[in-house]
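Counted from 1, the sequence shown has number 67 at position 67 by my numbering; the numbering is strictly sequential.
A virtual CB, placed ideally from N, CA and C, is assigned to each residue, including glycine.
Please read these numbers as outputs of a predicted model, since none were measured by experiment.
Data block below; observations after.
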Amino acid sequence: MVIETGTLAVLDRLHERAGLFAWRDTLQIVRRWVASPAEEAAALLRAVTALDAVEPTVVPAGAAEQLALYDPEGARWHFVSRDLIL
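Spelled out as structure tokens, the structure:
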């Protein structure tokens, strides 16, 4: 998968604002979980359960003030201002 440089810069800013400075390392860990689900079952289940528990919220375009980022290692949600991507 190829991600454009500008998109990576936005992702970096979002994760850094959330205090998730090592998000690229975490992404590699999650890829290992997905590649070896039997070995990483507990961590993978925790992440999938957290994501499944979220009730989708539909807001009009431009009305959202925050974005939610999930930290699968810490099993926590982090909220950051949407103005970082505008």
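Whether residue i touches residue j by CB criterion (8 Å)
{"i": "Glu65", "j": "Ile29", "result": "no"}
{"i": "Tyr70", "j": "Ala50", "result": "yes"}
{"i": "Leu84", "j": "Arg24", "result": "no"}
{"i": "Leu27", "j": "His78", "result": "no"}
Residue i, enclosing alpha helix (DSSP H) - first and last residue
{"i": "Ala64", "result": "Counting along the chain, Ala64 falls outside any alpha helix (DSSP H), and DSSP gives it neither H nor E."}
{"i": "Thr57", "result": "Thr57 -> no alpha helix (DSSP H), and no H or E assigned at all."}
{"i": "Ala35", "result": "23–35"}
{"i": "Gly6", "result": "5–17"}
Residue span of the beta strand (DSSP E) that contains residue i, given as start and end
{"i": "Arg76", "result": "76–81"}
Residues near residue i in its chain [Cβ-Cβ closer than 6 Å; skip 5 each side]
{"i": "Ala47", "result": "Pro72"}
From the options, residue whose alpha carbon lies closest to that of residue i
{"i": "Arg76", "options": "His15, Ile3, Arg32", "result": "His15"}
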